[in-house]
Structures are given as structure tokens and as C-alpha cells.
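Residue numbers (my numbering), protein chains in the order written: chain A, 1 to 330; chain B, 1 to 498; chain C, 1 to 328.
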Amino acid sequence: MRLKTRIDAAFGAETLPLVGFLIFVIAVFSVATPLFLTSANLGSMAFQMPVLGLLTLAMMVPILSGGLNLAIIYTANLSGLALAAVLIQFGGPEAGVGAFMLGALAAIAVGAASGAVMGWVIAYIGAHPILVSLAMMIFLRGLGEFLTRGGDISGFPDFMNTIGHGLVLGIPVPLIVFCLLAFVWHLMLNRTRHGYSVYMLGSNIRASEYSGLHTKRTLTLIYTISGVICAIAGILMAARFNSVRVGHGEALLLVTVLACFLGGVDPFGGFGRVLPVVVALMILQILSSGLNLIGANQHLSTAVWGLFLIGVMAIRWAVAKWLTRRIGAT
Amino acid sequence: MTEHSLALRLSGVSKTFGGVRALNAVDFEVRPGEVHCLAGENGCGKSTLIKIVTGVYAPDPGSTIEVFGEVQTQTNPRKSRAQGIAVIWQDLALFPHMTVAENIGFDEMVGGCPRLISRRSVRARAADVLNRLGVVLDLDMPLGALPIAQRQIVAIARALMGEARLVFMDEPTASLTQSETDGLLEVVRTLSAQGVAIVFVSHRLAEVLDISERVTVVRDGTLVGVFPTEGMTQARLGELMTGATLQSEVSARDQSTAAPVLELQDLTRAGEFEEVSLTIRKGEILGLTGLIGAGRTELAHAIIGMSRLNSGKMFLDGQMIQPASIRDAIKLGIAYVSEDRLSLGLIQPQSIADNTVMAVIDRLEDHTGLLNPAKSSSLVKKWITDLAIKTGNPSDPVSTLSGGNQQRVVLAKWLATEPKLLILDSPTVGVDVGARAGIFRIVRQLAEQGLAILLISDEITEVLYNADRVLHMAHGRITEEVNPSETSVEELEAKIYA
Amino acid sequence: MPNLLDTHKIELRLAAVLIAIVVFLSLATDTFLTLGNITSLLNNNAVNLIWAVGLLVVLIAGGIDISFAVAASVVQYLAAQVFGWIGGGNWALGLLIAGSLGVLLGTLNAALIHGFKVVSIVITIATFNVFFGLLMFFTRGRNIYDLPDWWVDRIFIFEHQSAAGTWSELNLSVGVMIACVLVTGFLIKFTTLGRQLYAFGDNPEGARRAGVNIWTMQLVAYGWCGMMAGIGGLMQVNIAKEVIPNALYGRELEVLAAVVLGGARLGGGKGSVIGAILGVMFVAITQNGLNLLGISPFAFQMIIGATILVAISTSNISLDLRNWRVRP
Numbered sequence: 001m002r003l004k005t006r007i008d009a010a011f012g013a014e015t016l017p018l019v020g021f022l023i024f025v026i027a028v029f030s031v032a033t034p035l036f037l038t039s040a041n042l043g044s045m046a047f048q049m050p051v052l053g054l055l056t057l058a059m060m061v062p063i064l065s066g067g068l069n070l071a072i073i074y075t076a077n078l079s080g081l082a083l084a085a086v087l088i089q090f091g092g093p094e095a096g097v098g099a100f101m102l103g104a105l106a107a108i109a110v111g112a113a114s115g116a117v118m119g120w121v122i123a124y125i126g127a128h129p130i131l132v133s134l135a136m137m138i139f140l141r142g143l144g145e146f147l148t149r150g151g152d153i154s155g156f157p158d159f160m161n162t163i164g165h166g167l168v169l170g171i172p173v174p175l176i177v178f179c180l181l182a183f184v185w186h187l188m189l190n191r192t193r194h195g196y197s198v199y200m201l202g203s204n205i206r207a208s209e210y211s212g213l214h215t216k217r218t219l220t221l222i223y224t225i226s227g228v229i230c231a232i233a234g235i236l237m238a239a240r241f242n243s244v245r246v247g248h249g250e251a252l253l254l255v256t257v258l259a260c261f262l263g264g265v266d267p268f269g270g271f272g273r274v275l276p277v278v279v280a281l282m283i284l285q286i287l288s289s290g291l292n293l294i295g296a297n298q299h300l301s302t303a304v305w306g307l308f309l310i311g312v313m314a315i316r317w318a319v320a321k322w323l324t325r326r327i328g329a330t
Numbered sequence: 001m002t003e004h005s006l007a008l009r010l011s012g013v014s015k016t017f018g019g020v021r022a023l024n025a026v027d028f029e030v031r032p033g034e035v036h037c038l039a040g041e042n043g044c045g046k047s048t049l050i051k052i053v054t055g056v057y058a059p060d061p062g063s064t065i066e067v068f069g070e071v072q073t074q075t076n077p078r079k080s081r082a083q084g085i086a087v088i089w090q091d092l093a094l095f096p097h098m099t100v101a102e103n104i105g106f107d108e109m110v111g112g113c114p115r116l117i118s119r120r121s122v123r124a125r126a127a128d129v130l131n132r133l134g135v136v137l138d139l140d141m142p143l144g145a146l147p148i149a150q151r152q153i154v155a156i157a158r159a160l161m162g163e164a165r166l167v168f169m170d171e172p173t174a175s176l177t178q179s180e181t182d183g184l185l186e187v188v189r190t191l192s193a194q195g196v197a198i199v200f201v202s203h204r205l206a207e208v209l210d211i212s213e214r215v216t217v218v219r220d221g222t223l224v225g226v227f228p229t230e231g232m233t234q235a236r237l238g239e240l241m242t243g244a245t246l247q248s249e250v251s252a253r254d255q256s257t258a259a260p261v262l263e264l265q266d267l268t269r270a271g272e273f274e275e276v277s278l279t280i281r282k283g284e285i286l287g288l289t290g291l292i293g294a295g296r297t298e299l300a301h302a303i304i305g306m307s308r309l310n311s312g313k314m315f316l317d318g319q320m321i322q323p324a325s326i327r328d329a330i331k332l333g334i335a336y337v338s339e340d341r342l343s344l345g346l347i348q349p350q351s352i353a354d355n356t357v358m359a360v361i362d363r364l365e366d367h368t369g370l371l372n373p374a375k376s377s378s379l380v381k382k383w384i385t386d387l388a389i390k391t392g393n394p395s396d397p398v399s400t401l402s403g404g405n406q407q408r409v410v411l412a413k414w415l416a417t418e419p420k421l422l423i424l425d426s427p428t429v430g431v432d433v434g435a436r437a438g439i440f441r442i443v444r445q446l447a448e449q450g451l452a453i454l455l456i457s458d459e460i461t462e463v464l465y466n467a468d469r470v471l472h473m474a475h476g477r478i479t480e481e482v483n484p485s486e487t488s489v490e491e492l493e494a495k496i497y498a
Numbered sequence: 001m002p003n004l005l006d007t008h009k010i011e012l013r014l015a016a017v018l019i020a021i022v023v024f025l026s027l028a029t030d031t032f033l034t035l036g037n038i039t040s041l042l043n044n045n046a047v048n049l050i051w052a053v054g055l056l057v058v059l060i061a062g063g064i065d066i067s068f069a070v071a072a073s074v075v076q077y078l079a080a081q082v083f084g085w086i087g088g089g090n091w092a093l094g095l096l097i098a099g100s101l102g103v104l105l106g107t108l109n110a111a112l113i114h115g116f117k118v119v120s121i122v123i124t125i126a127t128f129n130v131f132f133g134l135l136m137f138f139t140r141g142r143n144i145y146d147l148p149d150w151w152v153d154r155i156f157i158f159e160h161q162s163a164a165g166t167w168s169e170l171n172l173s174v175g176v177m178i179a180c181v182l183v184t185g186f187l188i189k190f191t192t193l194g195r196q197l198y199a200f201g202d203n204p205e206g207a208r209r210a211g212v213n214i215w216t217m218q219l220v221a222y223g224w225c226g227m228m229a230g231i232g233g234l235m236q237v238n239i240a241k242e243v244i245p246n247a248l249y250g251r252e253l254e255v256l257a258a259v260v261l262g263g264a265r266l267g268g269g270k271g272s273v274i275g276a277i278l279g280v281m282f283v284a285i286t287q288n289g290l291n292l293l294g295i296s297p298f299a300f301q302m303i304i305g306a307t308i309l310v311a312i313s314t315s316n317i318s319l320d321l322r323n324w325r326v327r328p
């Protein structure tokens with residue numbers, strides 16, 4: 001079998017073109033600014049990407065199931081808030097590792113709970129995922145603002161710095177966390193009953209029900225797991241920014257959607273893989289850091305994200321059209 | 001007033017797509033007020049014919065089309081509707097959240113400049129139309145709240161509001177019960193009496209014979225002939241449609257000494273079936289047939305736990321069972337191959353392999369709790385071989401397979417659950433003749449290996465020649481049991497259509 | 001007589017709940033049912049109501065638009081530039097310009113959605129960010145104070161001085177809102193175009209087969225939403241007396257939630273102007289009530305969010321007409 005066919009079979013047909021695009025983007029920025037290919041920049045990118053990456057994983061599976069999770073950012077921040085609350089209870093900057101573990105558990109519980117509620121309403125009541133996650137988003141934002149009175153919560157123990165800014169064997173800790181979870185996601189989607197059900201019900205939920213798949217349980221689990229990984233993202237954000245604010249990372253919602261679609265996830269559900277999404281994330285991080293380095297205004301970057309998303313959808317449309325024309329001609 | 005002698009006259013109509021001749025010099029005539037059937041297998045050209053008449057496609061040069069006496073040179077859907085031709089596709093193309101009256105009056109909302117509407121006058125005219133049909137419906141009910149049979153009436157009313165004089169209906173009785181079918185036929189007869197011609201398009205033998213006066217049979221784009229349905233048999237019609245002599249050998253065996261697998265005692269579900277009792281033994285194929293809508297599919301749904309019973313008991317291998325869901329049924333060892341292969345039996349965009357393992361996915365895990373790809377691919381390979389599924393690559397989407405091969409994948413999926421009882425509901429709908437024989441060969445083999453099989457079908461020949469015993473179900477009740485070796489197709493058909 | 005219970009269940013239920021809340025608040029506080037409070041409620045929600053009827057049309061047509069609030073800000077900014085060039089202007093011109101600019105932005109959405117065959121949520125997330133990013137970039141985040149007098153001067157359509165000497169008034173935005181509501185209601189209820197929109201949202205394939213022009217539907221839906229966005233933005237400046245680029249950011253979600261509460265289906269084919277009004281007023285009155293009852297303002301969003309979650313969940317139970325679950 002040709003090498004290309006083997007790569008396509010193993011990693012998905014979207015991966016090769018994306019890797020190509022990744023190399024292209026690296027080349028462009030390396031030329032555009034001498035600051036790009038520095039260890040400072042590479043390091044900075046390696047530290048920044050994981051939060052976006054975790055949130056993207058949280059968005060990816062709901063999209064695969066034919067839905068959407070608009071509440072990921074506020075779930076993450078509210079989970080971070082739970083962590084902060086526990087830490088502060090145990091002395092704030094003086095809190096010990098035990099308190100941190102407890103806090104992390106609390107954060108994950110919060111994330112799981114909010115995800116479970118959403119999943120339950122979507123699965124058992126049949127409400128539309130966009131609406132449910134929108135309502136949850138409003139609620140969590142409100143709850144967070146109520147608890148924090150709109151301000152920052154800070155004052156965390158020093159050892160959290162190792163999580164947020166530390167290196168293990170030269171690799172940033174957040175990146176290790178992300179790579180681990182990305183691998184877990186890959187396993188979950190490819191090698192578990194749950195992952196299989198996600199794809200099937202994303203394609204055709206009725207037929208899945210008819211064949212005995214437990215669609216309601218799967219849907220609930222999808223959003224619960226999404227909530228858990230949001231919590232981990234929240235913990236990471238708390239460690240990186242050394243504070244928790246309800247609105248942290250608001251702008252990332254769009255980027256997670258963008259990363260999924262750029263990475264080949266079908267907007268209607270049923271198809272998509274982890275590896276191309278990770279490559280897409282790398283591309284987006286490079287774009288963000290690169291634009292920053294060449295002095296582009298942050299707001300301009302926001303506009304660029306939007307244009308990029310439109311561009312990606314346009315290209316997918318064009319490719320789909322070209323493919324059907326080819327099939328039609330044969 | 002001049003009466004057109006024919007509502008529709010097609011003469012020498014051909015249509016070529018690329019290099020393929022979809023229609024070959026077909027003649028087709030419909031008289032005003034007639035109930036006519038256009039019959040043929042899937043892909044024979046029926047839909048193409050309708051699309052040519054309504055102007056979606058243009059016919060090849062040399063074709064003549066006359067609509068109510070007027071020669072038609074160029075047409076489009078809007079003109080065709082203005083001429084009085086309406087098409088009711090199987091999905092009805094209605095709007096579930098709009099009311100009955102709004103649905104009936106919708107076609108006037110399209111075309112021309114945006115303008116004011118008088119809701120009251122639309123409603124009044126809709127009421128008129130329903131009157132003409134002799135039907136009473138709540139005009140202000142949202143359409144989605146109505147059962148399918150009533151939605152069909154609304155679709156017909158909509159066509160009538162557009163002053164249709166010729167209505168095409170695509171497989172209208174597919175999801176109707178028997179009394180609903182009767183209701184539909186009442187409406188059709190009323191229309192017919194008012195001079196509106198109805199053309200049913202179908203490939204279902206029972207439907208064709210039940211409802212029309214004349215049938216035009218088309219095969220592979222060519223006209224086979226026009227026949228009165230009075231006196232026509234399913235067997236003959238099937239032969240005309242497929243061009244092959246259908247299997248005519250009874251293969252019934254006596255399984256009365258085998259252990260009973262499924263026993264039903266007086267199953268009743270109000271409005272669907274009443275006091276149904278039957279036994280299926282190991283290795284036996286029990287056929288269940290009757291007029292459309294006699295309650296057979298409803299019975300199957302109750303057996304697999306999709307709907308609840310009002311009374312009665314079910315036993316599997318002697319144990320009483322009360323499945324409350326399809327998952328329960330699978331665990332018990334009951335497998336149900338539904339009639340709707342396209343949207344319920346298979347997930348078309350997903351791969352052949354994924355479709356095959358769907359019902360047994362929880363058995364493919366290894367000790368780590370992860371799915372074992374080796375187990376799954378060997379399972380898929382086994383079934384592809386055992387059922388002789390013609391495919392290139394199991395990771396291709398199942399939509400790339402032919403109808404017959406797709407049906408084999410559905411069978412594979414259910415057989416993989418190692419069921420004790422297999423229920424087949426109209427298993428050869430949409431499958432070519434050649435492929436049908438292959439599927440029944442598999443079914444026979446399964447029975448010989450000890451599987452108990454319930455074969456539900458409209459087609460009398462299919463049931464008579466493949467089952468060991470046949471039950472006739474009418475109006476929700478089992479009316480009699482028939483031994484295929486002791487009767488003939490004609491006899492059974494006479495009883496069913498009596 | 002048309003049976004309202006079948007087709008307008010949600011609106012009736014919401015109206016009942018709203019009446020209950022109003023009664024409760026009238027009894028629980030002595031400030032709720034005063035002219036001053038009511039007029040202030042209307043003034044504060046006029047812009048939301050204008051946006052709501054714009055969004056309603058999109059929802060009826062089966063789509064969703066979350067870019068309209070930011071689009072309103074863009075229109076404010078662009079309109080300010082235009083009025084600066086022409087050196088003045090008046091309300092008629094203002095409404096025309098704001099409306100047209102809004103339609104333009106809405107048309108962009110429609111073109112992208114129709115042309116590339118992409119789901120509306122994805123396109124409008126994208127345009128949301130393009131509009132906001134570009135707006136913030138060009139304004140450098142700064143407010144615009146230098147605006148023509150006609151735009152920022154208070155105009156009252158109703159005034160009343162109470163015995164105690166306090167004034168209650170309704171300002172121009174309420175008047176514009178009433179006009180927008182009436183015109184939208186007229187469009188969707190009494191014209192063939194409106195009926196086509198409902199059909200298109202309900203069953204796009206069925207609509208296409210019946211001869212409805214899909215592009216026209218998209219254009220009307222997103223164009224109308226854009227127009228209302230622009231007009232709302234124009235009125236917002238009259239209230240705030242400044243163009244504040246990021247002031248409207250985030251308001252689209254509340255409006256969406258309110259309109260859905262009022263009966264518009266995300267899948268299309270359903271919704272009414274009355275429902276949209278009830279939805280917006282429900283959120284507004286609840287917030288107003290919480291305020292008057294002395295509950296911390298930080299709790300508002302939380303309570304609103306929870307209420308919406310509950311409402312959306314419970315309203316779905318009886319209304320999923322295409323419910324395919326196991327029969328009872």
C-alpha cells in the first residue's frame with residue numbers, strides 16, 4: 001500500500017494537508033520575524049497552547065455527537081473557582097499540597113456536575129444542545145459573578161507555579177498534561193464502547209437506538225466528560241494566571257470551534273479525529289503568537305480568527321464540491 | 001363542455017442520462033377519474049417518468065406528452081401544477097408546525113410578489129376542500145400532531161386546493177394500518193368520482209393490487225404492458241415487474257417436533273392487534289402475511305419491547321419475558337430486522353464494519369475494557385464471508401453497497417448477536433430479484449442451523465415459498481394457519497383479498 | 001374558532017407565569033406597579049425588544065444569529081461617521097441609514113450561510129468575531145462623544161408628572177420599538193413572505209419543492225435581523241448619549257434566551273411577536289423585581305440563567321412533535 005494511503009488510514013485523510021499547512025505557517029512567520037524561531041517564543045507557545053487544547057477537547061466530543069457545548073469557558077472558570085475556594089479555606093498562599101488535591105477534586109466535581117446536568121437535559125428531555133449549553137453558560141457566568149462579585153480571586157500557593165510554569169525534562173508541565181489527555185481522548189474515541197457510540201449517534205441517533213446502543217447514557221456521559229476536562233483546563237488556568245476570574249478566556253470559545261472544524265470535525269457530527277485537531281491547534285497557536293510577535297493588535301487577531309473560520313468552511317465547501325464533481329464524472 | 005378523453009398521454013417518451021437510457025420509448029395513458037398504478041422495481045424509471053411529466057427533467061426529442069389534450073413542449077414544476085398535475089412524494093413535504101388549514105393552503109403563498117393574505121379566507125377554502133373529500137379534520141390542529149394517515153389526506157387536500165386533476169402518489173400505504181388504508185381508498189374513490197385521476201407509483205405487489213383499477217408495468221425503462229388489476233395475481237405481477245419467473249417451489253418442512261422458541265399467548269394491544277397467539281419452534285420459519293396494515297409490524301414491535309402490551313404473555317424458550325426496550329430484546333436473544341433499511345437499519349455514512357458490529361459492541365471489549373480491534377475485524381470478516389457480502393473495503397461507507405448487499409450487512413449485524421429468534425420484516429423491499437434469492441438462501445440456512453425465524457411480508461409468494469407454516473393476519477387477528485404444501489398462491493391470495 | 005391552546009401553548013403559559021409574577025411583585029413591593037417603574041422598564045428594554053423581533057424572524061426561518069449585538073455596535077460607529085460627513089441629519093435619515101447598514105451586515109451573514117452551505121451558528125460566531133475585532137481595532141476601544149444633537153437629545157413620546165412632582169416618561173426608543181414590533185408582526189402574520197418563512201424553517205426541503213426561493217428566505221431573515229440590529233443600535237445611542245464599542249457585547253445571548261423562552265423554536269417554523277415580547281419582558285420584570293426586592297445585582301444573571309434552563313427544559317417535554325421515543 002502506498003505510504004499516503006497508509007497514513008490516511010491511520011490518521012485520517014485531513015492530517016497530511018494540515019501538517020503541510022502547519023509547515024507553511026511556521027515558514028511564513030519564521031521569515032516575517034526573527035523573534036519567531038526563538039526558544040523564548042517556542043517555549044511561550046508551548047505553555048499557552050495546552051489550555052486552548054484542553055478546551056478544544058471539551059468542545060470536540062459534543063460536536064462529534066451532533067451538538068455543541070457553549071458553556072465550556074464558564075465551566076472551566078467555575079471549576080477553577082472551586083479550587084480557589086478550597087485553597088483559600090486552607091490558608092491561601094500557605095495552603096499545602098493536600099489542600100490542592102482536595103481543591104482539584106472539588107473543581108472536577110463542579111465540572112462534572114454542570115456537564116452532567118446539561119447532558120441529562122439533552123439526553124432525557126431532548127432539548128437542543130445549543131440552547132441547553134447557552135442557558136448553562138448564562139447561569140454559570142451569573143453564579144461566578146455572584147460568588148466573586150465580579151473580581152479576581154488570587155493568592156495561591158507557590159507550588160502551583162510548577163504546574164503553570166514548570167518544566168519536566170525540559171517539557172512544560174501544561175504541555176505534558178495536554179498530551180496525556182489528548183492521548184486519552186484518542187483512546188476513548190477509538191477504542192471504547194463510549195467513543196464508538198459517540199460517532200454512531202452523531203451520525204444517526206434513531207438508527208443507533210434501534211440497534212441497541214444506549215444513546216441517552218452516552219449523551220449524558222459526553223457532556224459530563226466535557227465538563228471534567230473543562231475543570232482540568234480551569235485548574236491549569238488558575239495555575240498559569242495565579243488567579244481566577246469568571247471571564248478568563250472568553251474569547252477562546254470561538255477558537256475551540258475553529259480548531260475542531262479546521263481539524264476536520266464534521267459540523268453535523270459523526271466524523272472527526274483527535275490528531276488532526278491537535279495539528280489544527282498548533283496552527284492556530286502559531287498564528288496567534290506569530291501575529292502577536294509582528295505587532296498585530298489583539299483585536300485584529302480576533303477578527304482574523306473569524307475570517308479564518310469562514311475561510312476554512314469555504315475551503316471545505318469547495319473541496320466537497322470538487323469531490324462530488326469527480327465522483328459524478330466517473 | 002369538451003371532455004378530454006385522456007388526462008395524460010405519453011407516447012414514445014425516452015430519457016437518457018449520460019450514457020444511460022433511463023426510459024425507452026415508453027407509452028403511458030391515464031384516463032380522467034381513473035385509479036391507475038405505475039408499477040415497477042426500484043430503478044425501473046417510474047420516478048424519472050414523473051419528473052418528466054412535471055418538468056423537472058426534459059424528455060429526449062421524439063417524445064410526445066399530452067396533458068389534458070394539450071401537447072406539452074416545455075414545462076416546469078410551476079406550469080405543471082397550473083395544468084392540474086400534483087405529486088405527493090412519500091415524505092409528504094408538509095409542514096409539521098403549521099396548522100392543517102395553513103398546510104392545505106400553502107401553495108398559494110408561493111410565487112408572485114409578497115402580498116397580504118387573508119387567513120380567514122384560506123381557512124374557509126381549506127374547509128371547502130376537506131368537504132369535497134368527505135373528510136373531517138380539525139383545521140387548526142398543528143399538522144405534526146396528526147397521525148400519518150391524516151397527514152396524507154392533508155397532502156391530498158393541498159393538491160386539490162390547487163385544482164389538481166391528476167395526482168401522483170408515491171407508495172402511499174407504506175405506513176398505514178388497514179383501516180387507515182380503507183380510509184385513504186374512500187378518499188381516493190371520492191376524488192375519482194369527481195373526475196380527478198390518481199396514479200399510484202409503487203413496487204409493492206400487495207399495494208398495487210389492493211388499490212388500483214389498471215396497472216402499467218415498467219421494467220428497466222421499458223413498457224411491459226398495461227393490465228387490469230381485476231384477476232391479476234401477485235405472482236404474475238411480480239413476474240411482469242421483474243421479468244423472471246419467481247421462485248415457485250415450496251420449501252416447507254415439518255418442525256412440529258422441535259422445541260418451541262417463541263410462544264405468544266393472547267397478545268393484545270388496543271387498536272393494533274388482538275388476542276394473537278402463536279408458537280415458533282427451533283429451526284422453523286413462520287410466515288406472517290395479510291393485507292397491508294393488518295397489524296404485523298405492530299406485533300413485531302411489541303415482541304421486541306418497542307411498545308407495551310395491554311394484555312397477554314410472551315415466552316422465550318419456556319421463560320416468560322417482558323422486554324421493555326430493544327436493548328432488552330437483544331439481551332434476550334431476539335433480533336428484529338426492520339423494514340426501513342435506509343434510515344433505521346443502517347447508518348449510511350458510517351463504514352460497513354461499524355454498522356456490522358453495532359449490536360454487539362459490548363462483546364468486543366477485552367480484559368482491559370478497551371475495544372479489541374482484532375476481535376472486531378475478525379467478526380466483520382467472518383460475516384462478510386458467511387453472508388457473501390460483496391465489498392471492497394470494510395471501512396467504506398455502507399452507502400456504497402447495493403441494496404441487496406446492504407440488506408446482508410443488516411442481517412450480519414443482527415446475526416452477530418447470536419439470536420434465538422430472528423424477526424424479518426419485509427426483508428426484500430428494494431432488493432433486486434436476483435439478490436432476493438440469495439437472501440432467502442441465507443435465511444433457509446439459518447433455519448437449518450436451528451434459528452427460529454418470523455418472516456413478515458406483504459408478498460404472498462415470498463412467504464409461501466420460504467416458510468414452513470404461514471399465518472394469515474387480518475384486522476389485527478390471526479385468522480388462519482396455512483400449510484404451504486397444501487395450498488397454492490392463488491388460493492391464499494383469494495382468501496386474503498376476499 | 002382557532003384553538004389557541006394547540007398552537008400557542010408556550011405563549012399562553014408564559015403569559016400566565018408573567019401575570020403571576022406581576023401580581024406577586026405588586027403585592028410584595030410598593031414600587032413595582034408605579035408609572036415611574038413601568039415606564040422605566042419599557043425605556044430600558046426598548047432596544048432589547050427591537051433586537052428580539054429581528055432575531056425572531058431568523059429563528060422562525062430555522063437559523064440563528066449571534067452576531068447582531070456586535071453588528072449593532074458596528075452600525076453605531078459607522079452611522080456616527082456618516083453623520084459626521086453629512087454634517088448633521090435627522091431621525092428619518094438616521095433610521096434609514098442605520099437600517100440600511102444593518103441590512104448590509106445581515107446580508108453578509110446570509111450570503112456566507114447560503115453560499116458555502118454552512119450552519120448559521122458557525123457563520124455567525126465567525127462574523128461576530130470579525131465585526132467585534134475590526135470594530136475594536138478601528139475605534140481603539142474609545143468611545144465617541146462627538147455626536148449630532150438630534151441623535152442624543154432626549155425626545156419623549158409620553159410624559160407625566162405625578163402629584164409628588166416626579167416625572168415619568170417614555171422616550172423615543174419606545175416609540176420606535178412599537179413601530180418595529182408592529183411591522184414585524186405584520187410581516188410574519190399577514191404576508192405571503194411571512195408564511196414562506198415559517199414553511200422554510202419548518203421543512204426547508206418541502207418549501208423548496210413548493211417553489212420557495214431559498215436565497216430570498218435567507219436574505220429576508222438575516223437582513224431583517226440586521227436591520228433591527230442597526231435600528232436598535234441607533235436607539236441605544238440616544239439612551240446612552242455615546243457610542244461605546246464594547247457596550248453591547250454579550251447581550252445577544254440574553255435576547256436569544258428570551259426569544260426562545262417566548263416560544264421560538266431553534267429548529268424553525270415556530271414563534272410569534274407576542275411570544276418574543278413576553279420572553280423579553282419576563283426576563284426584564286424578573287430582574288426588575290429582584291432589584292426592587294433588594295436582592296444583590298450579582299445574583300441576577302444566575303437566577304435568570306437557572307430560570308431559562310428550567311423553562312427550556314420543561315417546555316420541550318410537551319412540544320417535541322417529532323418525538324420518536326418508545327410509545328407508552
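C-beta atoms are modelled at their ideal positions from N, C-alpha and C, and glycine is treated no differently.
Source: prediction; values computed, not measured.
Three-state secondary structure assigned by DSSP to residue i
i      : result
B:M320 : strand
C:R154 : coil
A:N77  : helix
C:L309 : helix
C:R322 : The predicted position of C:R322 is uncertain, since its pLDDT is 35 and thus under 50; no value can be drawn from it.
Rounded separation between residue i and residue j - CA only
i      : j      : result
C:Y145 : C:V243 : 7 angstroms
A:G80  : A:M237 : 8 angstroms
B:A258 : B:E284 : 8 angstroms
A:P172 : A:C179 : 11 angstroms
B:N483 : B:L286 : 10 angstroms
C:H160 : C:S168 : 5 angstroms
B:R341 : B:A437 : 18 angstroms
Chain-ordered chain B contacts of residue i [CB-CB under 8 angstroms]
i      : result
A:A207 : S343, L344, G345, L346 and I347
C:A199 : F95, M98, F106 and M109
Contact list for residue i against chain A, beta-carbon separation under 8 angstroms
i      : result
C:I157 : The contacting residues do not exist; C:I157 stays about 32 angstroms from chain A at best.
N- and C-terminal bounds of the beta strand (DSSP E) containing residue i
i      : result
B:R444 : Here B:R444 belongs to no beta strand (DSSP E); instead the alpha helix (DSSP H) covers V433 to E448.
Sequence-distant residues of its chain with Cβ nearer than 6 angstroms to residue i (five each side left out)
i      : result
A:H111 : Looking at the sequence provided, one finds Gly at residue 111 of chain A rather than His. Within the same chain, A:G111 has close Cβ partners T75, S79, G227, V228, C230 and A231.
C:A46  : S173, V174 and M177
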